[in-house]
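Visitor:
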Amino acid sequence: MKASLFRHGINLWPPYLAAGIHVTHLSDDYRRARVELRMRPWNRNYVGTHFGGSLFSMTDPFWMLLVLQNIGPDHLVWDQAGSIEFVKPGRGTVHADFHLQAAVLDGLKAAAADGSKVLRWFDTEVLDASGELVARVRKQLYVRLKRDRRP
């Protein structure tokens, strides 16, 4: 699917729309993405900051999406695990950037070439408007060749 069409679609997806999550950039080659979480009256927690679940949700699908779109149809790509470390309260608009480097993609392909499963951690920082760290998110992907493609 064309990246611009996907970006518009995910921005209209009800869970993201209601949470104030907005994909502001998705490169045509699915190698880079930027996601923002905008503070709205309906997405504040009791103390007036972003919900921790919203901070995690804004980062949730993107490593899987970028790898899946780039590694090719012969591979399975799943989220295996995830964690978040809250560093400071998130206020205002916060953002997260994703950049899938060619070397990482090549490494995943090479490691999965014999049919083995590959587990790889990806780290993402959630930053506020002044560039201060709000949270660290880790996502572990599971990658392997599809059964009918194994050597």
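So the sequence shown is numbered by the numbering used here: it starts at -5 and just counts up by one. Note that the Cβ used here is the ideal one computed from N, Cα and C, for glycine as well.
1. Work out the CA separation of Gly66 and Asp54 for me, nearest whole Å.
2. Contact criterion: CB-CB distance below 8 Å. Does Phe56 meet it with respect to chain B?
3. Compute the distance between the beta-carbons of Thr87 and Leu31, then report whether it is under 8 Å.
4. To the nearest angstrom, how far is the alpha carbon of Ala13 from that of Leu62?
5. Could you tell me which residues DSSP puts in a beta bridge with Thr118?
6. What first and last residue would you give for the alpha helix (DSSP H) that runs through His93?
7. Taking Val131 as the reference, which of Ala96, Asp122, Glu79, His16 has the closest Cα?
8. In three-state DSSP terms, what is Trp36?
9. Could you tell me whether the Cβ atoms of Met52 and Ile15 are closer together than 8 Å?
10. In angstroms with no decimal places, state the Cα-to-Cα distance between Gln134 and Gly47.
11. Provide the residue span of the beta strand (DSSP E) that contains Phe45, from first to last.
12. Among residues of its own chain, excluding the 5 on either side of Val29, which ones have a beta-carbon nearer than 6 Å to its beta-carbon?
13. Arg26 bridges to which residues according to DSSP?
14. Among the candidates Trp36, Gly76, Ala123, His69, whose CA atom is the shortest distance from the CA of Ala104?
15. Rounded to the nearest angstrom, what separates Ala(-3) and Thr43 at their Cα positions?
Guide: Well, looking at it:
1. Here residue 54 corresponds to residue number 60 of the sequence shown, with the count starting at 1. Here residue 66 corresponds to residue number 72 of the sequence shown, with the count starting at 1. Their Cα atoms are separated by approximately 21 Å.
2. Checking the listed chains, one finds no chain B in this structure; it contains a single protein chain.
3. Locating residue 87 in the sequence shown gives position 93, counting from the first residue. Locating residue 31 in the sequence shown gives position 37, counting from the first residue. Result yes, Cβ atoms of Thr87 and Leu31 sit closer than 8 Å.
4. As a position in the sequence shown, residue 13 is number 19, starting the count at 1. As a position in the sequence shown, residue 62 is number 68, starting the count at 1. If I take the Cα positions, the gap works out to 25 Å.
5. Within the sequence shown, the letter at position 124 stands for residue 118. Paired residue(s): Val131.
6. Here residue 93 is taken as the residue at index 99 of the sequence shown, counted from 1. No alpha helix (DSSP H) contains His93, which is instead part of the beta strand (DSSP E) from 88 to 93.
7. The residue given as residue 131 occupies position 137 in the sequence shown. Residue Glu79 is the option with its Cα nearest to Val131.
8. For the purposes of this step, residue 36 is taken as residue 42 along the sequence shown, with counting starting at 1. Here Trp36 sits in helix by DSSP.
9. For the purposes of this step, residue 52 is taken as the residue at position 58 of the sequence shown. For the purposes of this step, residue 15 is taken as the residue at position 21 of the sequence shown. Cβ distance < 8 Å, so Met52 and Ile15 count as in contact.
10. As a position in the sequence shown, residue 134 is number 140, starting the count at 1. As a position in the sequence shown, residue 47 is number 53, starting the count at 1. Distance between the alpha carbons of Gln134 and Gly47: 17 Å.
11. For this step, residue 45 is matched to residue 51 along the sequence shown. Looking at the DSSP string, Phe45 is not in any beta strand (DSSP E), and its letter there is neither H nor E.
12. In the sequence shown, residue 29 corresponds to position 35, counting from 1. Counting only Cβ-Cβ distances below 6 Å, and skipping sequence neighbours, we find Val17, Met52, Ala90.
13. Here residue 26 is taken as the residue at index 32 of the sequence shown, counted from 1. According to DSSP, which records beta bridges pairwise, Arg26 is partnered with His93.
14. As a first step, residue 104 must be located in the sequence shown, where it is residue number 110. Nearest option by C-alpha distance: His69.
15. Position 3 of the sequence shown, counted from the first residue, corresponds to residue -3. Position 49 of the sequence shown, counted from the first residue, corresponds to residue 43. Approximately 31 Å, taken between the alpha carbons.
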